[in-house]
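S.K.: I'd like to ask you about the structure that follows.
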Amino acid sequence: MKRQVVLTRRIAEECMKKLANHFHLEVIGGDNSPTKEVIQTHLQGKELLISTVTEKIDASLIHSAPQLRIICNFGVGFDNIDLQVATQKGILVTNTPDVLTDATADLTWALLLAVSRRLCEGDRFVRGKRWQSWTPTFMLGADVTGKTLGIIGMGRIGRAVAKRAAGFSMRIFYFSRTRLPQELEKRWQATYVPLEKLLREADFISLHMPYSAKTHHFIGYHELRQMKPTAFLINTSRGAIVDEQALLAALQARQIAGAGLDVYEQEPHVPEAFMQMENVVLAPHLGSATKEVRIAMGNKVIENLLAYVRGERPPNLVNPEVWR
Ligand code: DGY
1 MKRQVVLTRR IAEECMKKLA NHFHLEVIGG DNSPTKEVIQ THLQGKELLI
51 STVTEKIDAS LIHSAPQLRI ICNFGVGFDN IDLQVATQKG ILVTNTPDVL
101 TDATADLTWA LLLAVSRRLC EGDRFVRGKR WQSWTPTFML GADVTGKTLG
151 IIGMGRIGRA VAKRAAGFSM RIFYFSRTRL PQELEKRWQA TYVPLEKLLR
201 EADFISLHMP YSAKTHHFIG YHELRQMKPT AFLINTSRGA IVDEQALLAA
251 LQARQIAGAG LDVYEQEPHV PEAFMQMENV VLAPHLGSAT KEVRIAMGNK
301 VIENLLAYVR GERPPNLVNP EVWR
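Numbering (this note's numbering), first residue to last: 1 to 324.
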C-alpha cells in the first residue's frame, strides 16, 4: 500500500513522477505558498511532509500535527522550521545540501559582477534608448580583479565563492564560526581575520552563514559604518542576516557603494527604496534556481523520504538526536 505524502508545492515534474511511483501525493500549494491554516488542515493525520523554504513550519503548526514523523525540506536552509520543537516532538527534519553549492556560488558572483560593473543599470539604459555614444567617462564601474573579497561564513557555499575568486586574483579574507584547517586555508588562499578587519578592508563582502537567532541582523548599522565607501555588500544567504533598514540608510548616505541582493527580510516583499537605487542589483531568491539543481534537490528529498520509509536513517538528517 502506498503511503501518503503531503507536498506544500509541486517540484520538478520528473521528481513528481518518481515520488508518485512510491507515494500518494497530496499537493496543497500552487505558485504561492499555502497559508499556515491550509497546511494545518492538510497535515491532520499525516506522517510525511515535503516543505519548501518559504513555508513556516512553526511550533503551533507542529503541535497541531501529532502524527507527523518527518519533514523533508526542499532547500539547504531549514530556518523556516522550528527545529527545536520538531526535535522535541521526535520529528525528523532533512535538507538538501551540496547539490546547490555551485549554483549559489555562481549567482553570488553574478551579483558581484553585475553590481560592480553596473550591468543591470546599463541594461536599463540601453532598453530605455538613452544610449548616445561610447564615452571615456561613461558608466564607470569598479574593478574586481586584484581586489579584496571578504567572505562571512566559510561553509560549503563560502568556499565555493572563494574558489571562484582565484580567477580574479583576489585577496581573500574570511570570518567564520570555525576557522578552517590550515590546509584548506592554503587551498583557497583565504586568510582568517577578525570581523572588524574584514569589514574595514574588504572591497566586496559576501554573506554565507545560515540564518538563526544568533545571525539575525548580523550586518547592521554598526557593521555597515565600518565598511569602505567604495565597498559592495552581496547577500545570497538569508535576508534577515542583514538589517534591511540599516542597509537602506547606508546606501542612501553613500556609506557603501552598492549591494547585490538575492534574499530579503520579508520575501517576496522588497522595500520600494531599493528599487529606486541604480547601485543595487535585486534578484528574486534565485540562488539554487537552475533546472539541474532543482531536480537534484528533488532527488535528495526523495532519497531522504525513501530512507525513512525503509526504516533507515535519512542521509541528510539535520536533527540526528531524533534518530533512535
Ligand atoms: C536554500 O536551499 O536554502 C535556498 O535558499 C533555496 O534556494
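Idealized CB from N, CA, C, for every residue including glycine. Please read these numbers as outputs of a predicted model, since none were measured by experiment.
Of the residues Leu19, Ser288, Ala160 and Arg171, which one's Cα is nearest the Cα of Val356?
M.R.: Nothing can be reported for residue 356, as the shown portion of the chain is limited to 1 through 324.
S.K.: Could I get the ranges of all uninterrupted beta strand (DSSP E) runs contained in the region 1-55, with 3 residues as the minimum, in chain order?
M.R.: For the region 1-55, whole beta strand (DSSP E) runs of length 3 or above, ordered along the chain, are 3-7, 23-27 and 48-52.
S.K.: Would you identify the three-state DSSP class for Ile302, choosing helix, strand or coil?
M.R.: Looking at Ile302 - three-state DSSP - the assignment turns out to be helix.
S.K.: Using CA atoms only, rank isn't needed, just tell me which of Thr215, Leu251, Val322 and Ala240 is closest to Arg225.
M.R.: Nearest option by C-alpha distance: Leu251.
S.K.: Between which residues of its own chain and Pro314 is the CB-CB distance below 8 Å, once the five residues before and five after are set aside?
M.R.: The residues are Ile70, Cys72, Leu92, Thr94, Glu303, Asn304, Leu305, Ala307 and Tyr308.
S.K.: Taking all protein chains shown into account, decide if Trp134 is buried (16 or more other Cβ within 10 angstroms of its Cβ) or exposed.
M.R.: When all chains shown are included, Trp134 counts as exposed.
S.K.: Applying the criterion that 16 or more other CB atoms from any shown protein chain within 10 Å of the CB defines a buried residue, is Glu55 buried or exposed?
M.R.: Glu55 is buried by the Cβ-count criterion.
S.K.: For my contact list, Ile241 and Ile205 are in at a C-beta cut-off of 8 Å; report their separation, rounded to the angstrom.
M.R.: Actually they do not touch by this definition, with Cβ atoms about 12 Å apart.
S.K.: Could you check if Trp188 is buried or exposed, using at least 16 other CB atoms within 10 Å of its CB as the buried criterion?
M.R.: Classification for Trp188: buried.
S.K.: Just to confirm the assignment, what range does the alpha helix (DSSP H) spanning Val85 have?
M.R.: Taken as a continuous stretch (DSSP letters only), the alpha helix (DSSP H) holding Val85 covers Leu83 to Gln88.
S.K.: Could you check what DSSP says for Ala162 in three-state terms: helix, strand or coil?
M.R.: Here Ala162 sits in helix by DSSP.
S.K.: Looking at Gly260 and His208, is the spacing between their C-beta atoms short of 8 Å?
M.R.: Not in contact: His208 and Gly260 (Cβ atoms no closer than 8 Å).
S.K.: Rounded to the nearest angstrom, how far is the Cβ of Val115 from that of Gly258, given a contact under 8 Å?
M.R.: Contact flag correct, Cβ pair sits at about 5 Å.
S.K.: With burial defined as no fewer than 16 other Cβ atoms inside 10 Å of the residue's Cβ, what is the status of Asp203: buried or exposed?
M.R.: Buried.
S.K.: Going by beta-carbon coordinates alone, are Cys120 and Ile295 separated by less than 8 Å?
M.R.: No, the pair does not count as a contact, with Cβ atoms beyond the cut-off.
S.K.: Kindly give me the distance between the Cβ atoms of Leu7 and Gln40, rounded to whole angstroms, as I take these residues to be in contact under 8 Å.
M.R.: In fact, because the Cβ distance is near 15 Å, the residues do not count as touching under 8 Å.
S.K.: Leu92 by DSSP, collapsed to three states: which one?
M.R.: Here Leu92 sits in strand by DSSP.
S.K.: In the DSSP assignment, the beta strand (DSSP E) including Leu233 goes from what residue to what residue?
M.R.: Phe232 to Asn235 is the span of the beta strand (DSSP E), which, as asked, contains Leu233.
S.K.: With Glu244 and Glu265 assumed to form a contact (beta carbons below 8 Å), what rounded beta-carbon distance in angstroms separates them?
M.R.: Indeed, because the Cβ distance is near 5 Å, the residues count as touching under 8 Å.
S.K.: If we count the other Cβ atoms within 10 Å of its Cβ and call it buried at 16 or more, is Asn319 buried or exposed?
M.R.: Buried, since its Cβ has 16 or more Cβ neighbours within 10 Å.
S.K.: How about Thr35: is its C-beta nearer than 8 Å to some C-beta of chain C?
M.R.: Absence of chain C from the displayed structure is noted, only one protein chain being present.
S.K.: If you measure from the CB of Gly30, is any heavy atom of the ligand DGY nearer than 7 Å?
M.R.: Result no, Cβ not under 7 Å from the ligand DGY.
S.K.: Taking only runs of the beta strand (DSSP E) that begin and end inside the region 59-143, which ones reach a length of at least 3 residues, in chain order?
M.R.: Counting only runs of 3 or more, we get 70-74 and 92-94.
S.K.: Where does Tyr211 sit, in a helix, a strand or coil, going by DSSP?
M.R.: It is coil, neither helix nor strand.
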